[in-house]
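Data block below; observations after.
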Amino acid sequence: MIQEKAIVVFSGGQDSTTCLFWAQKQFAEIEAVTFDYGQRHRLEIECAAEIAKELQIKHHILDMSLLNQLAPSALTRTDMEVRDGKDDELPSSFVPGRNLVFLTFAGILAAQVGAKHIVTGVCETDFSGYPDCRDSFIKSLNVSLNLSMDKTFVIDTPLMWLTKAQTWELADSLGAFEFVRERTLTCYNGIKADGCGQCPACKLRQRGLEEYMNSKKHE
Ligand SMILES: [Zn+2]
Numbered sequence: 002m003i004q005e006k007a008i009v010v011f012s013g014g015q016d017s018t019t020c021l022f023w024a025q026k027q028f029a030e031i032e033a034v035t036f037d038y039g040q041r042h043r044l045e046i047e048c049a050a051e052i053a054k055e056l057q058i059k060h061h062i063l064d065m066s067l068l069n070q071l072a073p074s075a076l077t078r079t080d081m082e083v084r085d086g087k088d089d090e091l092p093s094s095f096v097p098g099r100n101l102v103f104l105t106f107a108g109i110l111a112a113q114v115g116a117k118h119i120v121t122g123v124c125e126t127d128f129s130g131y132p133d134c135r136d137s138f139i140k141s142l143n144v145s146l147n148l149s150m151d152k153t154f155v156i157d158t159p160l161m162w163l164t165k166a167q168t169w170e171l172a173d174s175l176g177a178f179e180f181v182r183e184r185t186l187t188c189y190n191g192i193k194a195d196g197c198g199q200c201p202a203c204k205l206r207q208r209g210l211e212e213y214m215n216s217k218k219h220e
């Protein structure tokens, strides 16, 4: 275990909850931060708060409603359909600059609470076309944060090169498979655990879960 403090960017979904368990094993002290940007489903915030409480992790909820004012997307607007991007187009769930803003605020919070590490569940493997999930972006922002505050932050991205199946495997190896499966919210239609099964987020999660379960059977 590293005798340092970490801030985990935490949405209450599968990926960031897995990161929370990962960080608990990794660092002497962790705190979680959730951004309230007018998500379609308030349940997302409640879900995050519940998990943090149960795991006895200090939880910050920051008001980021200004993001919705600038960049309405299918994640915040109920009159917009969530759909996959066709060809070169970005998915309708994309909020331009979201991770830039979130990780910058996570960095400011980290400076305030004396945390060296910032943990985020971004992932390039199942690349859904979000440019600010790319490893090159994260590395670039890490440099910018350090320069802006004269600090030596480390942005940790434990899921960056994992497939969805490998993320389930990681949760399992941390003893958190059932917890992540039952308690997290990934679904765009606001249904916990295995979700609605129809939206792009559910399909991605389900595919990874099936792949992981199958690989276990064949061990
Ligand atoms: Zn769904």
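Converting from the sequence shown to our numbering requires adding 1 to each position, the first position being numbered 1. Using N, Cα and C, we set each Cβ at its ideal position, and we do this for glycine too. These numbers were taken from a predicted model, which means no experiment stands behind them.
- Query: Taking C-alpha atoms, which residue in Q70, T121, K26 and L44 lies nearest to V34?
  - Reply: Your numbering for residue 34 matches position 33 in the sequence shown. When only C-alpha atoms are compared, the closest one is T121.
- Message: Between G14 and ligand 1, is there a pair consisting of the residue's CB and a ligand heavy atom that are separated by less than 7 Å?
- Response: Within the sequence shown, residue 14 is the residue found at index 13, counting from 1. Answer for G14: no, Cβ out of range of ligand 1.
- Pocket of ligand 1 (residues with CB nearer than 5 Å to any heavy atom), chain order: C188, N190, G196, C197, C200 and C203
- Spatial neighbours of L101 in its chain, beta-carbon cut-off 6 Å, leaving aside the 5 residues before and after: One-based indexing of the sequence shown puts residue 101 at position 100. Taken in chain order, the residues that qualify are D133.
- Query: Rounded to a whole number of angstroms, what is the C-alpha to C-alpha distance between F138 and R184?
  - Reply: Locating residue 138 in the sequence shown gives position 137, where the first residue counts as 1. Locating residue 184 in the sequence shown gives position 183, where the first residue counts as 1. Distance between the alpha carbons of F138 and R184: 30 Å.
- Task: May I have a chain-ordered list of the alpha helix (DSSP H) segments no shorter than 4 residues that lie completely inside the segment 24-70?
- Result: 44-55
- Say the cut is 7 Å; is the CB of K59 nearer than that to a heavy atom of ligand 3? Ligand 3 is not part of the structure shown, which contains ligand 1 as its ligands.
- Query: Just how far apart, CA to CA, sit V10 and V114?
  - Reply: As a position in the sequence shown, residue 10 is number 9, starting the count at 1. As a position in the sequence shown, residue 114 is number 113, starting the count at 1. Roughly 14 Å separates the two Cα atoms.
- Item | Distance between F178 and A194 (C-alpha atoms, nearest Å) | The residue labelled residue 194 in the question sits at position 193 within the sequence shown. The residue labelled residue 178 in the question sits at position 177 within the sequence shown. When rounded, the distance between both Cα atoms is 12 Å.
- Message: Taking only three categories from DSSP, how would you classify A172?
- Response: Start at 1 with the first residue of the sequence shown, and residue 172 comes out as number 171. A172: helix per DSSP, three-state reduction.
- Should V96 go down as buried or exposed, given a rule of 16 or more other Cβ atoms within 10 Å for buried? For the purposes of this step, residue 96 is identified with residue 95 of the sequence shown, where counting begins at 1. Buried, since its Cβ has 16 or more Cβ neighbours within 10 Å.
- Query: Counting pairs of beta carbons, one from the segment 49-59 and one from the segment 6-24, are three or more of them closer than 8 Å?
  - Reply: yes
- Return helix, strand or coil for S216, following the three-state DSSP convention. The residue given as residue 216 occupies position 215 in the sequence shown. In the structure shown, S216 sits in a helix (DSSP, three-state: H, G or I).
- Message: For A112, which residues in the same chain have their Cβ closer than 6 Å to its Cβ, ignoring the five residues on either side in sequence?
- Response: Sequence index remark: in the sequence shown, residue 112 carries index 111 (1-based). Excluding positions up to five away in sequence, the list reads M150.
- Taking only the alpha-carbon atoms, compute the straight-line gap between D16 and F22 and give it to the nearest angstrom. As a first step, residue 16 must be located in the sequence shown, where it is residue number 15. As a first step, residue 22 must be located in the sequence shown, where it is residue number 21. Computed Cα separation, rounded: 10 Å.
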